[in-house]
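In our numbering, the protein residues as written are 127 to 265.
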């Protein structure tokens, strides 16, 4: 299921902060990002979104240029990440990271280069180049 409330491109960390502050979601947590050292940019490709009714795990698909909901969990009126059980949050984050590891195993993306808080950061690869081109399309 596509998520139309997000732009049809990957998100920079500033975009994630704006999305979190906008109040459309109770909380926004980035999970996976690609790092572009020469541009001092990280592009986020997976998010955990907490809504008034639950949690949504979403990932960006550069082939369709859409954010897709890959998992939903009902929760009783959460106000933020603190209302999501730790084991559920860890499981959902792990699933999103596993999906990127599958691309790593296929040689599409590189290994994680670092962690930035809860975000697994990978150096840009050929996929990263596509992500960056899609991110800058509107510029």
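Every residue, glycine too, gets a C-beta built ideally from N, C-alpha and C.
Just so you know, these numbers come straight off a predicted model, no measurement behind them.
Boundaries of the alpha helix (DSSP H) in which residue i is found, first to last residue
{"i": "residue 227", "result": "212-231"}
Closest by C-alpha distance to residue i, when choosing among the options
{"i": "residue 224", "options": "145, 258, 185 and 203", "result": "185"}
{"i": "residue 170", "options": "176, 155 and 180", "result": "155"}
{"i": "residue 157", "options": "228, 135, 215 and 188", "result": "215"}
{"i": "residue 226", "options": "245, 176 and 263", "result": "245"}
{"i": "residue 190", "options": "222, 177 and 136", "result": "136"}
Coil, strand or helix - residue i by DSSP
{"i": "residue 179", "result": "coil"}
{"i": "residue 189", "result": "coil"}
{"i": "residue 262", "result": "coil"}
{"i": "residue 143", "result": "helix"}
{"i": "residue 81", "result": "The requested residue 81 is not part of the displayed model; the chain covers only 127 to 265."}
Own chain partners of residue i with C-beta closer than 8 Å, once the 5 adjacent residues on each side are dropped
{"i": "residue 165", "result": "258"}
{"i": "residue 218", "result": "174, 181, 183, 197 and 199"}
Residues near residue i by beta carbon distance below 6 Å, same chain, minus five either side
{"i": "residue 205", "result": "152"}
{"i": "residue 232", "result": "none"}
{"i": "residue 129", "result": "184, 193 and 195"}
Element boundaries [beta strand (DSSP E), containing residue i]
{"i": "residue 158", "result": "153-162"}
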